[in-house]
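Structure first, commentary second.
Residue numbers (full-length UniProt numbering): 1 to 382.
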């Protein structure tokens with residue numbers, strides 16, 4: 001028998017990959033499962049995006065290899081988007097790198113900058129892929145605590161007291177998933193200063209800027225940020241285009257060229273019509289986000305009603321497409337999720353999958369119709 005590579009010994013299959021097999025099996029057996037666990041938008045992309053994609057399909061060069069750095073029009077659209085919404089000036093030729101989804105970027109960045117034995121600061125709780133990719137490339141995950149007492153923000157003073165001599169990269173994610181916490185300009189400025197002092201590359205993962213958030217921010221607006229910061233962004237959440245796998249990486253030309261060395265050996269450019277559709281999305285005005293947020297706000301109110309019926313305690317002032325809530329006293333997250341799934345056929349995400357500081361919490365997704373959320377409420381309250 002051929003054995004798996006040693007690099008996989010510390011990496012588990014993604015939680016949702018395995019758990020959704022169980023959920024699908026229950027559905028196949030006739031159980032009516034209401035899925036409130038996954039952050040995959042169920043709403044349609046903008047019609048302008050679909051039209052742009054269809055028109056691009058008949059472009060004479062549409063089906064040929066595309067530039068590794070994306071088309072000039074797509075990069076220009078990203079630059080316009082960053083200027084219009086974040087007040088950040090980016091050079092479309094040198095400071096923008098389109099990606100096939102920002103999840104791809106996590107791997108590319110890690111491969112480009114990390115050697116075996118390098119240490120990586122990773123938020124706890126945080127997106128599990130940060131730590132799994134760190135392990136895959138042979139680096140060491142060093143978790144930094146986020147908690148309710150600190151408003152789910154990093155305590156940089158405490159971090160500075162630790163031995164950071166082996167730390168090369170730090171993952172930051174605001175607006176934060178799974179807690180919905182937001183960072184302000186002051187924190188981003190402090191993070192940039194922290195990075196310069198300790199010679200650490202910061203990567204801010206920023207896909208939730210516009211969902212139930214009237215004040216979208218980019219860490220790249222902080223003075224001097226481009227020298228020590230890369231920012232990932234994505235069309236998956238904000239434009240309901242998760243399956244399109246379109247993201248972007250922004251930062252200095254030097255850092256992007258380092259990532260490009262990996263990327264050019266991993267793919268052969270993004271399909272042209274996808275780039276045309278993405279450019280159309282990025283050029284939409286703020287009315288698109290307002291319309292989406294009306295829907296999400298209505299859903300959130302229903303999710304909060306469901307959480308109250310379940311005696312869960314949501315965190316306050318959350319942004320993004322999830323509701324992060326404490327489970328009832330006397331139970332743990334995994335047991336509570338199993339209880340909801342088996343008794344009410346409602347699937348939610350347990351907080352521990354995002355790190356040890358997520359224990360005692362569950363995450364409800366807003367990516368479900370109001371009708372389905374009402375059905376969930378009825379099951380619990382009947």
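Here a beta-carbon is modelled for each residue, glycine too, at the ideal position from N, C-alpha and C.
Small disclaimer: the values here were computed from a predicted structure and weren't measured.
Contact check for residue 158 against residue 140 fails: the beta carbons are separated by 7 Å or more.
Below 8 Å, too few C-beta pairs join the segment 234 to 242 and the segment 16 to 31 to call them touching: fewer than three. Annotation for residue 122: the continuous beta strand (DSSP E) segment containing it runs 119 to 124.
If you look at residue 364, you'll find it in the beta strand (DSSP E) that goes 361 to 365. With at least 16 other beta carbons inside 10 angstroms of its own, residue 19 counts as buried.
At the C-beta level, residue 313 and residue 377 stay beyond 7 Å of one another. For residue 288, the enclosing alpha helix (DSSP H) has its first and last residue at 287 to 309. Closest in C-alpha terms to residue 97, from the list 155, 35, 252, comes 252. Here residue 47 is exposed: its Cβ has fewer than 16 other Cβ atoms, across all protein chains shown, within 10 Å.
Under the three-state reduction of DSSP, residue 170 is assigned to strand.
Shortest Cα-Cα distance from residue 53 to any of 190, 220, 273, 365 involves 273. With a cutoff of 7 Å on beta-carbon distance, residue 169 and residue 136 are scored as not near each other. Shown here for residue 309: same chain residues with a beta carbon closer than 8 Å to its own, the five before and five after excluded, namely 377, 380, 381 in chain order.
DSSP places residue 233 inside the beta strand (DSSP E), whose first and last residues are 229 to 234. When the five nearest sequence neighbours on each side are left out, the beta carbons in the same chain lying within less than 7 Å of the beta carbon of residue 187 are those of 153, in order along the chain. For residue 204, the enclosing beta strand (DSSP E) has its first and last residue at 201 to 205.
DSSP, read as helix, strand or coil, puts residue 84 in helix.
If you draw a straight line from the Cα of residue 117 to the Cα of residue 4, it comes to about 21 Å. In this structure residue 269 touches residue 67 by the C-beta definition: roughly 6 Å separates them, less than 8 Å.
Under the DSSP assignment, residue 127 falls outside any beta strand (DSSP E); it carries neither an H nor an E label. For residue 145, the enclosing beta strand (DSSP E) has its first and last residue at 140 to 145. When beta bridges are read from the DSSP output, residue 326 appears opposite 313, 361. Counting other Cβ atoms within 10 Å of its Cβ, residue 34 reaches 16 or more and is therefore classed as buried.
Around the Cβ of residue 65, a 10 Å sphere holds fewer than 16 other Cβ atoms; the residue is exposed. In the structure shown, the three-state DSSP call for residue 368 is coil. The C-beta separation of residue 126 from residue 365 comes to about 17 Å, leaving the pair out of contact by the 8 Å criterion.
For residue 273, the secondary structure class from DSSP, reduced to helix, strand or coil, is helix. For residue 247, there is no enclosing alpha helix (DSSP H); the enclosing beta strand (DSSP E) has its first and last residue at 247 to 250. By the neighbour-count criterion, in which 16 or more other beta carbons inside 10 Å mark a residue as buried, residue 298 falls on the exposed side. Excluding five sequence positions before and after residue 367, the CB atoms of its chain that fall closer than 7 Å to its own CB belong to 38, 39, 40, 41, 42, 321, given in chain order.
Residue burial annotation: residue 351 is buried, with at least 16 other C-beta atoms found within 10 angstroms of its C-beta. Around the beta carbon of residue 292, 16 or more other beta carbons sit within 10 angstroms, so the residue counts as buried.
CA-to-CA, the gap between residue 334 and residue 256 works out to about 40 Å. If you ignore the 5 residues before and after residue 61, its C-beta comes within less than 8 Å of the C-beta of 272, all in its own chain and listed in chain order. For residue 353, the secondary structure class from DSSP, reduced to helix, strand or coil, is helix. Contact between the segment 80 to 96 and the segment 183 to 198 is absent: fewer than three C-beta pairs spanning the two stretches fall below 8 Å.
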